[in-house]
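Participant:
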Amino acid sequence: MSGNVRLLNDTLAAAKAEGRSALIAYLPAGFPTVDGGIEAVKAVIEGGADVVEVGLPHSDPVLDGPVIQTADDIALRGGVRIADVMRTVREAHAATGKPILVMTYWNPIDRYGVERFTAELAEAGGAGCILPDLPVQESALWREHAEKHGLATVFVVAPSSKDARLAEITAAGSGFVYAASLMGVTGTRESVGAQAEDLVRRTRATTGIPVCVGLGVSNAAQAAEVAGFADGVIVGSAFVKRMLDAPDDAAGLEGVRTLAAELAKGVRGQA
Numbered sequence: 016m017s018g019n020v021r022l023l024n025d026t027l028a029a030a031k032a033e034g035r036s037a038l039i040a041y042l043p044a045g046f047p048t049v050d051g052g053i054e055a056v057k058a059v060i061e062g063g064a065d066v067v068e069v070g071l072p073h074s075d076p077v078l079d080g081p082v083i084q085t086a087d088d089i090a091l092r093g094g095v096r097i098a099d100v101m102r103t104v105r106e107a108h109a110a111t112g113k114p115i116l117v118m119t120y121w122n123p124i125d126r127y128g129v130e131r132f133t134a135e136l137a138e139a140g141g142a143g144c145i146l147p148d149l150p151v152q153e154s155a156l157w158r159e160h161a162e163k164h165g166l167a168t169v170f171v172v173a174p175s176s177k178d179a180r181l182a183e184i185t186a187a188g189s190g191f192v193y194a195a196s197l198m199g200v201t202g203t204r205e206s207v208g209a210q211a212e213d214l215v216r217r218t219r220a221t222t223g224i225p226v227c228v229g230l231g232v233s234n235a236a237q238a239a240e241v242a243g244f245a246d247g248v249i250v251g252s253a254f255v256k257r258m259l260d261a262p263d264d265a266a267g268l269e270g271v272r273t274l275a276a277e278l279a280k281g282v283r284g285q286a
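Just so we're aligned, residue 16 is where the sequence shown starts under the numbering used here, counting upward by one.
1) Put residue 60 into one of helix, strand or coil per three-state DSSP.
2) Kindly indicate which three-state DSSP category residue 168 falls into: helix, strand or coil?
3) From what residue to what residue does the alpha helix (DSSP H) around residue 153 run?
4) Go through its chain and collect everything with a Cβ distance to residue 56's Cβ below 6 Å, but skip five positions before and after it.
5) Helix, strand or coil, according to DSSP, for residue 43 in the structure here?
6) Could you please give the first and the last residue of the uninterrupted beta strand (DSSP E) stretch that includes residue 140?
7) Counting only the same chain and skipping the five closest in sequence on each side, list residues whose C-beta sits under 7 Å from that of residue 53.
8) On a Cα-Cα basis, can you pick out the residue from 254, 93, 137 and 267 that is closest to residue 234?
9) To which residues of the same chain is residue 128 closer than 7 Å at the C-beta, ignoring the five residues directly before and after it?
10) In angstroms, rounded to a whole number, what distance separates the CA positions of residue 276 and residue 169?
11) State the Cα-Cα distance for the pair residue 70 and residue 283, rounded to the nearest angstrom.
12) If you pair each beta-carbon of the region 135–146 with each one of the region 111–122, do three or more pairs fall below 8 Å?
13) If you follow the alpha helix (DSSP H) that residue 241 is in, where does it begin and where does it stop?
14) Can you tell which of 155, 190 and 243 has its C-alpha closest to the C-alpha of residue 223?
15) Taking all protein chains shown into account, decide if residue 32 is buried (16 or more other Cβ within 10 angstroms of its Cβ) or exposed.
16) How many Å lie between residue 132 and residue 19 at the Cα?
17) Identify which residue in 35, 47 and 17 has its Cα closest to the Cα of residue 267.
18) Buried or exposed, going by whether 16 or more other CB atoms sit within 10 Å of the CB of residue 256?
19) What is the rounded straight-line gap between the Cα of residue 260 and the Cα of residue 24?
20) If you scan the region 89–129 from start to end, which runs of the alpha helix (DSSP H) of 4 or more residues do you find wholly inside it?
21) Alpha carbon to alpha carbon, how far is residue 40 from residue 99? Give it in angstroms, no decimals.
22) Express the C-alpha separation of residue 64 and residue 262 in angstroms, rounding to a whole number.
23) When DSSP builds the beta bridges, which residues end up paired with residue 249?
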C-alpha cells in the first residue's frame, strides 16, 4: 500500500496554479476525544483547509506552546494511542479525499518501529510526516522507509538556520519545507514578523519544493500576509484554542469550521 505523497504534491501545486497559498491546518489526534478529533479534522477541511496535519500527542512537546500542550494533555489523559492517530488519518482522508499528514516527535516512532509506523501510515492513506526534532543526519532509516511507502518527509527550518544547513535539510526533505516563522514555540502572536519572509527567501534559494510557514498565524489578515510570500500557511494553535474555549463539542466544531473559512479567504487575498 502506497501513501499519498503525490496527493500532497498535487494539492500544493493546484493551490499555486490558482495563484494562492495552501491552507494547512493542525489538530491533535484524540482531542477532545478520538471521535471528536476526527470530526474536527473534517470540519476544518469543510471550512476550506487544503491539507491537515494530525498531531501525535506527546508528553514532552518541545516545539509546542501552552495551547497545544493543553490539548495534548487532554488526549493523553484520554488514553490516545498511535492506533488512534492512524484511525484519525484513515477516517479523515476517506471522508474528505484530502492529504493528511502526521506531525510527531521522533521518540514515539522509534519505540513503535519505523517500518511498522510507515507501513501503517501508508495503509491509512497518510501523505507523510512532519518530524520537528529528527536531525537530517540521523534520518536515513526513516527516509528509506518513507520513500518505500510513498510518504513525504517534512523537515522544519528556523530563522537561525544557516544557508548551508538549509540546503542540507531541503535536499533530504519532500512534500514541503516547514518554515518556523520565528524562534520559539507554537502559539498565536500579534505579528508573524519579517524573519519569516527572509527565511522563505533563503529556503527557496536551495530547493524547488514548496515552503510553508507556521508558528504564529491566527487570523485572516496574518494568513494573507504570509500568503504573500509563502507557498502554504500553517495554522494550529488558533484552531485548538477555538475548541478549548468552546462551551461544548458542537460549538468547537463550528468554531474551527468558521476559522478555516476565514483563513481560506485570507490565503486567497479576500480577507
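Glycine residues also receive a C-beta, built at the ideal position from the N, C-alpha and C atoms.
Facilitator: Looking at the coordinates:
1) helix
2) strand
3) Per DSSP, residue 153 belongs to no alpha helix (DSSP H) and is neither H nor E.
4) 42, 67 and 107
5) strand
6) First-last for residue 140: undefined, no H or E at that position.
7) 103, 106 and 107
8) 254
9) none
10) 25 Å
11) 26 Å
12) yes
13) 235–242
14) 190
15) exposed
16) 15 Å
17) 47
18) buried
19) 34 Å
20) 97–111 and 121–127
21) 19 Å
22) 24 Å
23) 39
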